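Colleague: This is the structure I have questions about; it appears just below.
Residue numbers (the working numbering): 44 to 274.
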């Protein structure tokens, strides 16, 4: 009688202290069961499973959850958003862990291939429909997109929070992508980055899609600026 009672208590203790453990790998598949030998590929798949567990248990987690990332880079095709629906309940927490053996990187970047050298430039065509590129990385290092002037600055004539007035000769007539250009404006203590709605070459005005906010407006004479994503 006592022997069976002790066994039941011991097994109950093991159940209370166990946890849900899932695994992710860049080479995995979201059709896998999420085990160490058959991991999922994306954190969104683990997130979906955690929500399913909570829905099946009245909004509560009956056990803690551990999501383990195997080393590598996880390329996400959409934004990974976590809300309170993804949190633990009570003492049963949700944790996302990087396993040993190498770094874990989660990237929302898009891989661009097909680079060719044209003169002094490397050129590749980005997939259709993506927004203007704001960051470019290669081999773990951030690169500069084409900008003017190269590694220097222009000095504006004047401007407002909605546009700047550039000096004669600063903006070329050959830009084929005014709506893809970005302008970085340096203020007294800050810098602001803006997309461009249009360029009025007759009045030498660059109109900004997102106005300058705060006291650091673009109205000061001789504020520095440069354009990038130029072609």
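Glycine residues also receive a C-beta, built at the ideal position from the N, C-alpha and C atoms.
Please read all numbers here as calculations on a predicted model, not as lab measurements.
Within the stretch 123–201, note down every full alpha helix (DSSP H) run reaching 4 residues or more, in order along the chain.
Modeller: Here no run is fully enclosed.
Colleague: Are the beta-carbon atoms of residue 236 and residue 249 separated by less than 8 angstroms?
Modeller: On the chain shown, position 193 is the one that residue 236 refers to. On the chain shown, position 206 is the one that residue 249 refers to. Cβ atoms of residue 236 and residue 249: not closer than 8 angstroms.
Colleague: As a quick exercise: from 266, 160, 66 and 93, pick the residue whose alpha carbon is nearest that of residue 143.
Modeller: The sequence position of residue 143 within the chain shown is 100, counting from 1. Here the closest residue by C-alpha is 66.
Colleague: How would you call residue 256, buried or exposed, if buried means at least 16 neighbouring beta carbons within 10 angstroms?
Modeller: Here residue 256 refers to the residue found at position 213 of the chain shown. Exposed: under 16 other Cβ atoms inside 10 Å.
Colleague: Flag this pair as touching only if the stretch 166–186 and the stretch 117–134 have three or more C-beta atom pairs under 8 angstroms; answer yes or no.
Modeller: no
Colleague: Go through the stretch 59–108 residue by residue and report every complete run of the beta strand (DSSP E) that reaches 3 residues or more, in order.
Modeller: 63–67
Colleague: Between which residues of its own chain and residue 37 is the CB-CB distance below 7 angstroms, once the five residues before and five after are set aside?
Modeller: A question about residue 37 goes unanswered here, because the residues of the chain that appear run from 44 up to 274.
Colleague: Taking one C-beta from the stretch 137–157 and one from the stretch 116–128 each time, how about it: are there three or more such pairs within less than 8 angstroms?
Modeller: Below 8 angstroms, enough C-beta pairs join the stretch 137–157 and the stretch 116–128 to call them touching: three or more.
Colleague: Quick check: what's the CA-CA separation for residue 123 versus residue 78?
Modeller: As a working note, residue 123 is residue 80 in the chain shown. As a working note, residue 78 is residue 35 in the chain shown. Roughly 21 angstroms separates the two Cα atoms.
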